[in-house]
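These protein sequences, in sequence, are chains V and C. Residues in the first sequence are numbered consecutively from 1, following this note's numbering. Residues in the second sequence are numbered consecutively from 1001, following this note's numbering. Remarks on the structure that follows.
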Amino acid sequence: MAQTADLFEFLCRMGDNTLVLGHRVSEWCGHAPVLEEDIALANTALDLIGQTQMWLGLAAEVEGQGRSADDLAMLRDAWNFHNVLLVEQPNRDFGVTILRQFLFDAWHVEMLQRLITSSDQRIAEVAAKSVKEATYHLERSSTTVIALGDGTGESHNRMQDALNLLWPYVGELFADDAVDTAMSEEGIAPKSSDLRDAVMARITDVLAEATLQVPDGDFTHKGGKTGFQHTEHLGHMLVAMQNLQRSYPGATW
Amino acid sequence: MYAQMVKSEATQEDPEKLAAFQARIDAGEKIEPKDWMPVGYRKTLIRQIGQHAHSEIVGQLPEGNWITRAPTLERKAILLAKVQDEAGHGLYLYCAAETLGVTRDELTEMLLDGRMKYSSIFNYPTLTWADMGAVGWLVDGAAIMNQVPLQRTSYGPYSRAMIRICKEESFHQRQGFDIMMKMASGTEAQMRMAQNALDRFWYPALMMFGPSDKDSVHSEQSMRWKIKMNTNDELRQKFVDQTVPQAEYLGLTVPDDKLVWNEEKNGYDFSEPDWNEFFDVIQGNGPCNTDRLAARNKAWDDGAWVREGLMAHATKKSAMKVAAE
Ligand SMILES: [Fe+2]
Ligand SMILES: [Fe+2]
Ligand SMILES: [Fe+2]
């Protein structure tokens, strides 16, 4: 049996990724470029929040300290959030938003597909529930990235800029640490590095069709997954997200 | 209402055709896009449905203001789903308007440059979490008052849009009331937020129905065409009668000293809202008019490259398809 702490950590990473990205995407509500996108973005955010409830709910259960998914979301400090830096990147323009979504979806689908056969039944169940949604997100983000990459000169340039901006955040998705090793030894989850080839194949296929150039170099920003060093953006997100729970301790909503 | 003070157009057409048209409406038939209809009927409907659609879209903003601050994951999901529904309502309504020969982009341009209006209510700010309760309870509640009868409106596509919308609106109202219940029975701070939200939203909610129109020619014409089903005063009275007991149940005080049950009319007597304030808001001087229009304009302008990019790609793709055939 894996150490409770490792399992808890793994579950928080899954839940923090969906929580932070779901939050970011929800910021678009009412402000998207076209009504159909507004609805689609809200849909994606809703799926991600639903998945967060499952992952953090399970994390809280595994921890066994009487905390709930809401406690984990609303009352942890920034260094205890262990999402990858990619998902906390600000929305900037629609190009950055949809490209960030695509890069995450490509990883997410691969990860969830592997988790369906997790030795931990509870994880397998959450993965099975989530993978359909993630697959749909990937289809949608892929076609939008392709359309905008191929669309007009301006849309192409904006997508290329978005890719250049986000590319150094992709590598963290494949960075292993002791938790990955522990999970993989128990057959609970693949090592992060195991996903690299399959995810990169998905990504490069779509980027090629979108006529976008994968940037040179393999420099990678790190520090989100371990919580050691987040970007400055996460703190601002948590100020909004956690405001009510922290300002009115003990209130129910 | 979501469509306030919609002027109906005078119509000068063949009296025989007009009489036949009126007979169809009186017989409860639905008018469909390809049917003959008076110019005035078409114009009035475009104005009304367009204004209603704009209200749904601008109405996303005051509630969207709290999505990132929702207090729990569940509340966040419910609120997000609600605001998403409103975008969907906008979409149904723009589609209904398009059947009358106007495009969504044309209507949008008219909203953005101020030629078309949206409901006055969305020019009020949402200042605390209790406002998410008050908006669902009062604003969606008032909208339902007007939209339920509109399910029977004479124009087919509008009526069908209303039927879909009403199902979701009653869900919104219940969610809003649920938030109010939690707040009104919560901590002292929460109770204060709840009362404060009612204090701020009560009169603006009454204004949603528009000023009294019992003597208005426009309303009379619209009612004969069944694109307006009740007078503003009737709906306002119904809303007050329904809402006051709910406020009592919540333990909140409706901010009106003159509010009293009138046995004779079997309804409440209540104070009129400040109609000067209403006209100020309509003319652009509400607390949030500038911000709301700026937000919609920014979304539209910032999104231009996306819409153009998507269109360019679609055009290339269909050209490739044609070439391949
Ligand atoms: Fe609506
Ligand atoms: Fe509404
Ligand atoms: Fe609604």
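Note that beta-carbon positions come from the ideal geometry of N, C-alpha and C, so glycine has one too.
Secondary structure of residue i, DSSP reduced to three states
i, result
"residue 1041 of chain C", "helix"
"residue 1123 of chain C", "helix"
"residue 1269 of chain C", "strand"
"residue 1227 of chain C", "coil"
"residue 116 of chain V", "coil"
"residue 188 of chain V", "coil"
Residue range of the unbroken beta strand (DSSP E) whose run includes residue i
i, result
"residue 1260 of chain C", "1260-1262"
"residue 1014 of chain C", "That residue, residue 1014 of chain C, is in no beta strand (DSSP E); it is neither H nor E in DSSP."
Terminal residues of the alpha helix (DSSP H) in which residue i lies
i, result
"residue 1249 of chain C", "1232-1250"
"residue 60 of chain V", "35-63"
"residue 1094 of chain C", "1073-1098"
"residue 81 of chain V", "Taken as a continuous stretch (DSSP letters only), residue 81 of chain V belongs to no alpha helix (DSSP H), as it is neither H nor E."
"residue 1147 of chain C", "1141-1150"
"residue 241 of chain V", "232-247"
"residue 25 of chain V", "4-26"
"residue 1155 of chain C", "Segment: none, residue 1155 of chain C is in no alpha helix (DSSP H) and carries neither H nor E."
"residue 129 of chain V", "121-150"
"residue 155 of chain V", "153-166"
"residue 1203 of chain C", "1188-1207"
"residue 1060 of chain C", "1060-1064"
"residue 1313 of chain C", "1304-1324"
"residue 203 of chain V", "196-209"
"residue 1275 of chain C", "1275-1280"
"residue 1131 of chain C", "1130-1134"
"residue 1110 of chain C", "1104-1112"
"residue 1032 of chain C", "Neither: residue 1032 of chain C is in no alpha helix (DSSP H) and is coded neither H nor E."
Beta-carbon spacing of residue i, residue j below 8 Å
i, j, result
"residue 38 of chain V", "residue 29 of chain V", "yes"
"residue 175 of chain V", "residue 129 of chain V", "no"
"residue 1239 of chain C", "residue 1141 of chain C", "yes"
"residue 1083 of chain C", "residue 1044 of chain C", "no"
"residue 1176 of chain C", "residue 1225 of chain C", "no"
"residue 281 of chain V", "residue 96 of chain V", "There is simply no residue 281 of chain V to check, as chain V begins at 1 and stops at 253 in what is shown."
"residue 1066 of chain C", "residue 1079 of chain C", "yes"
"residue 1049 of chain C", "residue 1096 of chain C", "yes"
"residue 233 of chain V", "residue 27 of chain V", "no"
"residue 52 of chain V", "residue 78 of chain V", "no"
"residue 1214 of chain C", "residue 1187 of chain C", "no"
"residue 85 of chain V", "residue 172 of chain V", "yes"
"residue 1229 of chain C", "residue 1293 of chain C", "no"
"residue 962 of chain C", "residue 1259 of chain C", "For residue 962 of chain C there is no data in the structure shown, the boundaries of chain C being 1001 and 1325."
"residue 1018 of chain C", "residue 1145 of chain C", "no"
Contact with chain B by residue i, beta-carbon distance below 8 Å
i, result
"residue 1306 of chain C", "Here chain B cannot be found, since the structure's protein chains are V and C."
Cα-Cα separation, residue i to residue j
i, j, result
"residue 107 of chain V", "residue 131 of chain V", "11 Å"
"residue 1194 of chain C", "residue 1134 of chain C", "8 Å"
"residue 1313 of chain C", "residue 1323 of chain C", "15 Å"
"residue 1247 of chain C", "residue 1198 of chain C", "9 Å"
"residue 163 of chain V", "residue 1301 of chain C", "22 Å"
"residue 1075 of chain C", "residue 56 of chain V", "16 Å"
"residue 1092 of chain C", "residue 1077 of chain C", "22 Å"
"residue 1251 of chain C", "residue 1129 of chain C", "18 Å"
"residue 1028 of chain C", "residue 251 of chain V", "52 Å"
"residue 1062 of chain C", "residue 1124 of chain C", "8 Å"
"residue 1295 of chain C", "residue 1307 of chain C", "17 Å"
"residue 23 of chain V", "residue 1182 of chain C", "24 Å"
"residue 198 of chain V", "residue 154 of chain V", "31 Å"
"residue 1070 of chain C", "residue 243 of chain V", "9 Å"
"residue 116 of chain V", "residue 204 of chain V", "25 Å"
"residue 213 of chain V", "residue 33 of chain V", "25 Å"
"residue 1203 of chain C", "residue 1271 of chain C", "9 Å"
"residue 123 of chain V", "residue 237 of chain V", "28 Å"
"residue 1285 of chain C", "residue 229 of chain V", "46 Å"
"residue 1162 of chain C", "residue 1110 of chain C", "23 Å"
"residue 1073 of chain C", "residue 1127 of chain C", "20 Å"
"residue 180 of chain V", "residue 90 of chain V", "27 Å"
"residue 1255 of chain C", "residue 235 of chain V", "40 Å"
"residue 149 of chain V", "residue 125 of chain V", "36 Å"
"residue 209 of chain V", "residue 104 of chain V", "18 Å"
"residue 1321 of chain C", "residue 147 of chain V", "15 Å"
"residue 1243 of chain C", "residue 134 of chain V", "42 Å"
Contact test: residue i Cβ vs ligand 4 heavy atom, cutoff 7 Å
i, result
"residue 1078 of chain C", "Ligand 4 is not part of this structure, which contains only ligand 1, ligand 2 and ligand 3."
Fill in: Sequence-ordered residues whose beta carbon comes within less than 5 Å of a heavy atom of ligand 3
Those residues, listed in chain order, are C:1140, C:1169, C:1172.
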